[in-house]
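Colleague: Numbering (our numbering), first residue to last: 4 to 155. Ideal Cβ placement from N, Cα and C applies to all residues, glycine included.
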């Protein structure tokens with residue numbers, strides 16, 4: 004949820020010939036239902052690709068009427084960005100400071116230059132959010148079981 008992130012998202016969408024990006028805040032169902040009951044909509048977006056990074060950030064900081072603290076940038080701890088072509092999706096979790104990209108093909112080049120396969124470097128980056136900067140074995144096992152690149 005940054006300017007650099009928007010450029011990467013746009014590049015990924017353009018590569019797959021998507022016309023827009025879907026984005027949704029994923030919280031516990033009670034929280035999502037409470038947001039809907041309070042504001043009359045879910046925190047889900049259809050983001051056009053023609054907007055600038057500043058406009059993207061403006062969308063993320065836009066808030067429901069009379070509730071400045073409820074913008075996506077403030078309240079979202081888990082977010083998903085998805086391709087309408089179903090060729091890619093990204094799950095992001097703020098607590099672990101990580102995003103996980105699921106994609107149906109390998110993409111070389113600038114589009115994904117800041118992304119890495121799940122390896123020891125990634126686990127080192129994640130370690131900063133854990134006590135004593137040690138990633139629990141159970142967390143590592145689950146992460147590897149669900150998200151390790153099949154070619155590894």
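Can you say whether residue 137 is buried or exposed, counting buried as having 16 or more other CB atoms within 10 angstroms of its CB?
Modeller: The residue given as residue 137 occupies position 134 in the chain shown. Exposed.
Colleague: Quick one: what's got a C-beta closer than 8 Å to residue 84's C-beta in the same chain, skipping five residues either side?
Modeller: On the chain shown, position 81 is the one that residue 84 refers to. Excluding positions up to five away in sequence, the list reads 12, 24, 25, 26, 92, 93, 95.
Colleague: On the CB-based measure, 16 or more other CB atoms within 10 Å of its CB, does residue 59 come out buried or exposed?
Modeller: By 1-based counting over the chain shown, the position of residue 59 is 56. Burial call: buried.
Colleague: Hey, quick one: how far does the alpha helix (DSSP H) through residue 66 stretch, first residue to last?
Modeller: Counting from 1 along the chain shown, the entry for residue 66 is found at position 63. Element bounds for residue 66: n/a, residue is neither H nor E.
Colleague: Is the number of C-beta pairs between the region 62 to 77 and the region 34 to 42 that are closer than 8 Å three or more?
Modeller: yes
Colleague: Considering only DSSP beta bridges, list what residue 105 is partnered with.
Modeller: As a working mapping, residue 105 is identified with position 102 in the chain shown. Bridge partners of residue 105: 92.
Colleague: Please state whether DSSP places residue 138 in a helix, a strand or coil.
Modeller: In the chain shown, residue 138 corresponds to position 135, counting from 1. Note: residue 138 maps to coil in three-state DSSP.
Colleague: Along the chain, which unbroken stretches of the alpha helix (DSSP H) at least 4 residues long are found entirely within the region 7 to 69?
Modeller: 32 to 42, 56 to 64
Colleague: Taking 6 Å as the limit between beta carbons, can you name the residues of its chain near residue 139, skipping five residues before and five after?
Modeller: Reading the chain shown from its first residue, position 136 is the one you call residue 139. Taken in chain order, the list of residues that qualify is empty.
Colleague: Quick one: grab the DSSP three-state call for residue 128.
Modeller: Numbered from its first residue, the chain shown carries residue 128 at position 125. DSSP places residue 128 in helix when its eight states are reduced to three.
Colleague: According to DSSP, what are the bridge partners of residue 85?
Modeller: Here residue 85 refers to the residue found at position 82 of the chain shown. Residue pairing by DSSP places residue 85 opposite 25, 92 in a beta bridge.
Colleague: For the alpha helix (DSSP H) containing residue 76, name the first residue and the last one.
Modeller: Numbered from its first residue, the chain shown carries residue 76 at position 73. Counting along the chain, the alpha helix (DSSP H) containing residue 76 begins and ends at 75 to 78.
Colleague: Taking the alpha carbon of residue 30 as the reference point, which residue from 103, 80, 100 has its own alpha carbon closest?
Modeller: Here residue 30 corresponds to residue number 27 of the chain shown, with the count starting at 1. Nearest option by C-alpha distance: 80.
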